[in-house]
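J.: Using UniProt numbering, the letters of the sequence shown correspond one by one to residues 1 to 282.
Quick one: the structure is below, questions incoming.
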Amino acid sequence: MIEQILNYPIYNGQTVGDYLSLEFLLGVGGSIFGALFLLAVGMVIAGWVARRIRGIGSKYQKLDNTLFNFLGNIARYVILTFTALIVLNTFGVQTTSIVAVIGAAGLAIGLALQGTLSNIAAGVMIILFRPFKIGDFVDVAGKMGTVKDISLNFTELADLSNVQVIVPNSQVWGNIITNFSTNQTRRAEWTFGVGYGANLKTAEEVIRKVIMSDPRSMAEPEPFIQVNNLGDFSVDFLVRVWVKSGDFFQYQADMKRQVKEALDEAGVDIPFPTRTLVNAAE
1 MIEQILNYPI YNGQTVGDYL SLEFLLGVGG SIFGALFLLA VGMVIAGWVA RRIRGIGSKY
61 QKLDNTLFNF LGNIARYVIL TFTALIVLNT FGVQTTSIVA VIGAAGLAIG LALQGTLSNI
121 AAGVMIILFR PFKIGDFVDV AGKMGTVKDI SLNFTELADL SNVQVIVPNS QVWGNIITNF
181 STNQTRRAEW TFGVGYGANL KTAEEVIRKV IMSDPRSMAE PEPFIQVNNL GDFSVDFLVR
241 VWVKSGDFFQ YQADMKRQVK EALDEAGVDI PFPTRTLVNA AE
């Protein structure tokens, strides 16, 4: 009975006994051991290469960590893919057919996930061309906030109220991007109106003293403080001063209040629109 089982043909003339022979088992065991060894080596190499690439971005401040994290992940997946193909070859699997199947499946998946793939494509463009980086204050797709994360699918912002905002990358890359953090300095601008009866020289001196006494105001480039417009109710001073980008918003708000208070203290009239009502019955 046992002899009949051992001599039972299974595949291509090979019997059960052939597959249970010591030579065959050693061969299979060696192949499995070799495959596991190749997988382990491939994973170690992939991890090492990914860490080295990411380390380049961390080593130099001028380089963007997001870009090198992305490149490190790409390198890791490429090495793991080649390792898997080599392992399959050790078992005699025709990898050419597998690659063809993967390609056909990828095409079908791509057609089904066009929206997702457009986000990924846009994410790659954002990471490669770096219109902004993590920590920048930006306005993208009509949303303003600080960039918290950039992934292949979406960009995460924290808005002015510190609320999480998720913007799909296709909307980010397909719209105008305003990055308020790229340049180190920005030019603040105000229009201050004084009455037609006010002493313009005094008004200008008050405005200049208040603006330039603030330590955030930059003397270079030279500030611009001049009469710019004769309005219906006021003589308008146009004021432009350079300031560090990080101070811009608070600085601009502070100067509005301080100039108003200084003009009041100096007795400079600040007009407001008036309207005369005529009684039709008179």
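Every residue, glycine too, gets a C-beta built ideally from N, C-alpha and C.
This one's a predicted model, so the numbers in the text were calculated from it and none came from an experiment.
Between F68, V41, I176, K59, which has its C-alpha nearest L80's C-alpha?
T.: Checked all of F68, V41, I176, K59; the closest Cα to L80 is V41.
J.: Strictly by DSSP, which residues pair up with Q164?
T.: BP columns for Q164 point to A158.
J.: Return the chain-ordered list of same chain residues with a C-beta closer than 8 Å to the C-beta of N119, the five sequence neighbours on each side being excluded.
T.: So the list reads L152, N153, F154, P168, N169, S170, once near-sequence residues are dropped.
J.: Restricting to Cα atoms, I'd like to know which of R187, F132, N228 is closest to E204.
T.: Nearest of R187, F132, N228 to E204, Cα basis: N228.
J.: Taking only three categories from DSSP, how would you classify L71?
T.: Three-state result, L71: helix.
J.: In the DSSP assignment, what are the bridge partners of N179?
T.: Per DSSP, V138.
J.: Rounded to the nearest angstrom, what separates F24 and R51 at their Cα positions?
T.: With a pLDDT of 49 at F24, under the threshold of 50, the modelled position of that residue is not reliable, and the figure given next carries that caveat. Whole-angstrom Cα-Cα distance: 40 Å.
J.: On the premise that F137 lies in contact with F180, defined as a C-beta separation below 8 Å, what is that separation, rounded to the nearest angstrom?
T.: The Cβ separation is near 5 Å, so the contact holds.
J.: Go ahead and label V140 buried or exposed: buried means 16 or more other beta carbons lie within 10 angstroms of its beta carbon, across all protein chains shown.
T.: It is buried - the Cβ of V140 has at least 16 other Cβ atoms within 10 Å.
J.: Quick check on E205: does DSSP put it in helix, strand or coil?
T.: E205: helix per DSSP, three-state reduction.
J.: Taking its Cβ as the centre, do 16 or more other Cβ atoms sit within 10 Å of W173, making it buried, or is it exposed?
T.: Under this definition W173 is a buried residue.
J.: Assuming the contact rule is C-beta atoms closer than 8 Å, V239 and E189 should be a hit. Round their C-beta distance to whole Å, please.
T.: Going by Cβ atoms, the distance from V239 to E189 rounds to 7 Å, so yes, they are a contact pair.
J.: At which residues does the beta strand (DSSP E) containing F224 begin and terminate?
T.: Segment 224-230, the beta strand (DSSP E) holding F224.
J.: Going along the chain, which residues of its own chain have a beta-carbon closer than 6 Å to the beta-carbon of I177, five neighbours each way excluded?
T.: Answer for I177: P131, V140, listed in chain order.
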